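Asks: The structure under discussion is supplied below as structure tokens; questions concerning it will follow.
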Amino acid sequence: MGNKATRQLRVGIATLLGLSAVAALGACAPNSASDTSRQRPVLAGQAPAASPSEAHNAREDNDNFQYRAAQTTVRTGLKSIALRYINFVDMDELALDGLRGLATIDPAFKLNLEDGMIRLHLDDVSVADFARPLSRDPADWARLTTKIVRAGRRQSLELREADNERIYEALFDGMLAGLDIFSRYSGADEARANRARRDGFGGIGIRFTKSKNAILVTHVQEGSPAHGVGLRPGDLILKINEDAIGELSLRKTAQRLRGPVGSSLTLNIARLDNDVERPDRHISFNLNRAHIVPETVRASVEGDVLKLTVTGFNKNTSPSMHAILRKNDDAFNSGRIKGVVMDLRGNPGGLLSQSVNVADLFLDRGRIIATRGRHPDSFHDYRAGGADLIDGKPLIILVDGDSASAAEIVASALQDLGRAVVVGSSSYGKGTVQTVIRLPNDGEMTLTWSRLVSPSGYALHGLGVMPTVCATNTQIGDTKAILAPEHIDGQRQAMSAWRAAGMVFDGRRPQLRDSCPAKTFQAGKNGDLLMQLASSVIHDPSLYQRALLQSEPINTALRR
């Protein structure tokens, strides 16, 4: 899978610690442009070319490409990958893969290695030769990269029309494409959107969908500016300030709603009323944008079960869940709530720290997760240090084939430490941690730098979390067969083999997942199968105890 196809993946994030490096090794200047055999052919109808020196000077004078900035940005990227990527990366291959990415801008761009030289070709015509750096120093390769970019821009119209950001995208996509599907580059605009998702943004606190010539409000976040002025689900927003929604896309609409914290905007809405005398009325709201961190936790009480639906892990996930649990203290103490279901279906992950904090809300001891990579800073053991806020009451975790990353950290920790029963199917198996590196151009590079190791010692990557109540190996809807003791005992045995995989990455991992194949589960016309299973387990103490798993950690898997 290429980098473009992976830009929507949300991932767990670790803290980056930067290091610096300074070195210098020159590369030969490109061959003179006066050699006409190395020029691209002149198209019919073109004006006569200026002399080589005149053309060169004119291009340099009119070229607004920022070469010094490009060199700094490329050097930072190369150094970060070399230091922090989970596996050793050869600097030569990394830099050359990045340069070859320029072919996405001009397909005629090619590099050949000949006798220690790097030869640039356009349209199979040799343009320039460069000395290959003898060291692995990122500064040398960044300097060479900008020289090759400069030479290519002199000869290629496509490269010449590309601004710095387009060049960065091609270079970093080329570097990262060969690493893994979770390492990727985000340009300045996309990076700002990524940071907004992680840290919040200036907005009004609504979720919405597109309606004809309007947007339909589907949710209003409590405590938000929209909530404060009385906006409510079902309202149709017709105008933002003086701009009609019209044919604006959802993305463009979101951009209009966001802005600096404290800035003002006016919404013109249509509200549908039950009053037959006024079935439709228009209202204007004046409000100021505030710092909005998207809600990731929704709570509902279904009978005597508290259901916590977690859609992602951002900076407010653990505090939100903590507040919900505290709010229901009386219901727990009185017995009105018998147990908790944490629904992680479809949860793509998010912040590593928040997944650790969420698991810690239900634990008073034990290792929650360990991370292991190549860089010394990637070695961490995260341990529980709090108190179980529901005091040992039954806890069920729902997972499916789309539960990934931070969601898998929570599920594996609570399962391995014997605190929760996992119900559903094998999870996604995204068991790596990405660090986010902010680049000098204000873009960012998401880089895989460590693996996640569960409390019992198996690496999550390629395996994920396997439930003891598996809903995929029996006829769908047959809750009796799914909850049969022999079925659960079979899953417990499969889990022993699952854990025994440890840190070994071979062909066994896909085969082990066949013991409970990944599947997506959603509520349907016949109800919610996984919630039915969860309720049955909560209300049957012997069944709950049978489905709990706990084992001693495989210590050898956690050694450095």
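When the count follows our numbering, it moves up by one through the sequence shown with no breaks and lands on 604 for the last residue. Beta carbons: idealized from backbone N, C-alpha and C, even for Gly. Source: prediction; values computed, not measured.
Can you tell me whether Y472 is helix, strand or coil according to DSSP?
Replies: Residue state, collapsed to three classes: coil.
Asks: Taking D425 as part of the beta strand (DSSP E), name the residues at either end of that continuous run.
Replies: H424 to R427
Asks: For A68, count neighbouring C-beta atoms within 10 Å of its own C-beta (all shown protein chains included) and say buried if the count is 16 or more, exposed if not.
Replies: Note that A68 scores 25 on pLDDT, short of 50, meaning its location in the model is unreliable; the coordinates nonetheless yield the value given after this. Per the 10 Å Cβ criterion, exposed.
Asks: Please classify T310 as buried or exposed, where buried requires at least 16 neighbouring CB atoms within 10 angstroms.
Replies: exposed
Asks: Which residue comes first and which comes last in the alpha helix (DSSP H) that contains T189?
Replies: From DSSP, the alpha helix (DSSP H) with T189 extends over P182 to Q199.
Asks: If you check the beta carbons only, do V465 and T415 fall under 8 Å apart?
Replies: Contact: no.
Asks: On the criterion of 16 or more Cβ atoms from any shown chain inside 10 Å, does M575 qualify as buried, or is it exposed?
Replies: buried
Asks: Which runs of the alpha helix (DSSP H) spanning at least 4 residues fall entirely within the segment 467-548, listed in chain order?
Replies: 523-526 and 529-544
Asks: With H, G and I counted as helix, E and B as strand and the rest as coil, what does DSSP make of F109?
Replies: coil
Asks: Taking the alpha-carbon positions, what's the E104 to D233 distance?
Replies: Its pLDDT being 47, under 50, E104 is placed unreliably by the model, and nothing is read from it.
Asks: Rounded to whole angstroms, what is the Cα-Cα separation between S559 and F252?
Replies: 40 Å
Asks: Would L442 pass as a contact of G473 if the rule is Cβ separation under 8 Å?
Replies: No.
Asks: Spell out the partners DSSP gives A172 in its beta bridges.
Replies: L164
Asks: Do L587 and I526 count as a contact pair if the criterion is CB distance below 8 Å?
Replies: Result no, Cβ atoms of I526 and L587 do not sit closer than 8 Å.
Asks: Cα separation between V42 and F549?
Replies: Since the first and last residues shown for the chain are 45 and 604, residue 42 lies out of range.
Asks: Can you check which of these residues, L178, D181 and K154, is closest to A172 by C-alpha distance?
Replies: For A172, the nearest C-alpha among the options comes from K154.
Asks: Looking at I130 and S494, is the spacing between their C-beta atoms short of 8 Å?
Replies: yes
Asks: Beta-carbon separation of L164 and G196 under 8 Å?
Replies: Against a cut-off of 8 Å, the Cβ pair of G196 and L164 comes out as a contact.
Asks: Give the single residue among I125, A183, L352 and G379 whose Cα lies nearest to the Cα of M219.
Replies: Out of I125, A183, L352 and G379, I125 has the C-alpha closest to the C-alpha of M219.
Asks: By DSSP, does N257 sit in helix, in strand, or in coil?
Replies: The answer is strand: DSSP assigns N257 an E or B state.
Asks: On a CA-only basis, which of D425, S498 and H263 is nearest I453? Give me that one, please.
Replies: S498
Asks: I'd like to confirm the pairing. Which residues does DSSP put opposite F329 in its beta bridges?
Replies: L311
Asks: So, for A448: in the same chain, excluding its five sequence neighbours on each side, which residues have a beta-carbon less than 6 Å away from its beta-carbon?
Replies: Cβ neighbours of A448 beyond the five flanking positions: P392, G393, Y472 and K474.
Asks: Express the C-alpha separation of A367 and K191 in angstroms, rounding to a whole number.
Replies: 56 Å
Asks: When the Cβ atoms of the segment 203-220 are set against those of the segment 139-154, are three or more pairs found closer than 8 Å?
Replies: Verdict: yes, contact present.
Asks: Closer than 7 Å by C-beta to A591: which residues in its own chain qualify, once you throw out the five before and the five after it? Chain order, please.
Replies: Scanning its chain for C-beta atoms nearer than 7 Å, with the 5 sequence neighbours on each side dropped, one finds around A591 the residues V465, T512, V513, I532 and V581, in chain order.
Asks: Taking L635 as the reference, give the member of L439, P561 and D408 with the closest Cα.
Replies: Residue 635 is absent from the model: the chain starts at 45 and stops at 604.
Asks: For V477 and D425, what's the separation of their Cα atoms in angstroms?
Replies: 14 Å
Asks: Can you round the beta-carbon distance between G290 and N312 to whole angstroms, since I take them to be within the 8 Å contact cut?
Replies: Wrong, their Cβ atoms sit about 13 Å apart, outside the cutoff.
Asks: Starting from the N-terminal side, write out each stretch of the alpha helix (DSSP H) that is 4 residues or longer and does not extend beyond the segment 207-290.
Replies: Every unbroken stretch of the alpha helix (DSSP H) spanning 4 or more residues and falling wholly within the segment 207-290 is given here in chain order: 208-221, 232-243 and 269-273.
Asks: Start and end of the alpha helix (DSSP H) containing H366?
Replies: Going by DSSP, H366 is part of the alpha helix (DSSP H) stretching over T361 to K371.
Asks: Check F132 in the structure and name its three-state DSSP category.
Replies: coil
Asks: Going by Cα to Cα distance, which pick from A515, R463, E488 and T490 is closest to S469?
Replies: A515
Asks: Among G462, F376 and D387, which one has its Cα closest to the Cα of R411?
Replies: G462
Asks: At 3 residues or longer, what runs of the beta strand (DSSP E) sit wholly inside the segment 375-456?
Replies: 383-387, 411-417, 424-427 and 439-443, all fully within the segment 375-456.
Asks: I think S362 touches V402, with their Cβ atoms under 8 Å apart; what is that distance to the nearest whole Å?
Replies: S362 to V402, Cβ: 5 Å. Contact.
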